[in-house]
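**Student:** Take any residue in the sequence shown, count from 1 to its spot, add 1: that is its number in the working numbering. We treat Cβ as the ideally placed atom computed from N, Cα and C, and that holds for glycine. Since we're looking at a predicted model, the values are computed, not measured.
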Amino acid sequence: MSNLDLSLKDMMTIDGAIGAAVVDYNSGMALGHLGSSKALDLTVAAAGNTEVVRAKLRTIEQLGIKEEIEDVLISLSAQYHLIRPVTGRKGKGLFLYMALDRTRANLALARHRLRDIEENLEI
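Printed below as a string of structure tokens:
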């Protein structure tokens, strides 16, 4: 089993996980995804969240901020959506995306676990 598959499975073990993907933000394509909800199209989510990542990276550059994005949180009434750019050399241009059921998720723990998964991801 590849490191990508293991990372996706690890993401889905986070309490409240609805769906997870590893996405190339240059192309908007998901390299892999797993999900437990028919209501969440991870292919559409990957492409849409690519625009979020690109916009934020552009804004940071225009502002002259010399920091990297740790994560982006989108709070919906029933869900959290987390986006975490991969910072390692081998994962440049990728981000982790996951949707969580807000009633079952612990946001702080999910962010912590996602950071650990990102740090160990090798593509």
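If you follow the alpha helix (DSSP H) that residue 49 is part of, which residue opens it and which one closes it?
**Tutor:** Element bounds for residue 49: 43-64.
**Student:** With DSSP as the reference, please indicate the residues paired to residue 23 in a beta bridge.
**Tutor:** According to DSSP, residue 23 bridges with 33 and 97.
**Student:** Residue 89: buried (16+ other C-beta within 10 angstroms of its C-beta) or exposed?
**Tutor:** Counting Cβ neighbours within 10 Å, residue 89 comes out exposed, since fewer than 16 surround it.
**Student:** To which residues of the same chain is residue 38 closer than 7 Å at the C-beta, ignoring the five residues directly before and after it?
**Tutor:** Excluding residues within five positions, the ones whose Cβ falls inside 7 Å are 19 and 20.
**Student:** Under 7 Å Cβ to Cβ from residue 103, same chain only, skipping five residues before and after it: list those, please.
**Tutor:** Closer than 7 Å at the Cβ level, and outside the excluded window around residue 103, lie 79, 80 and 81.
**Student:** Given residue 44, which residues of its chain have a CB within under 8 Å of its CB, disregarding the five upstream and five downstream residues?
**Tutor:** Cβ within range, chain order: 31 and 34.
**Student:** Report yes if the C-beta distance between residue 114 and residue 96 is below 8 Å; otherwise report no.
**Tutor:** No, these two residues do not count as a Cβ contact at 8 Å.
**Student:** Return the CA-CA distance between residue 67 and residue 16, expressed in angstroms with no decimal places.
**Tutor:** C-alpha separation (whole angstroms): 33 Å.
**Student:** The beta strand (DSSP E) with residue 76 in it runs from where to where?
**Tutor:** Element bounds for residue 76: 73-76.
**Student:** Give the C-beta separation of residue 1 and residue 83 to the nearest angstrom, bearing in mind that I take them to be a contact with Cβ-Cβ under 8 Å.
**Tutor:** The requested residue 1 is not part of the displayed model; the chain covers only 2 to 124.
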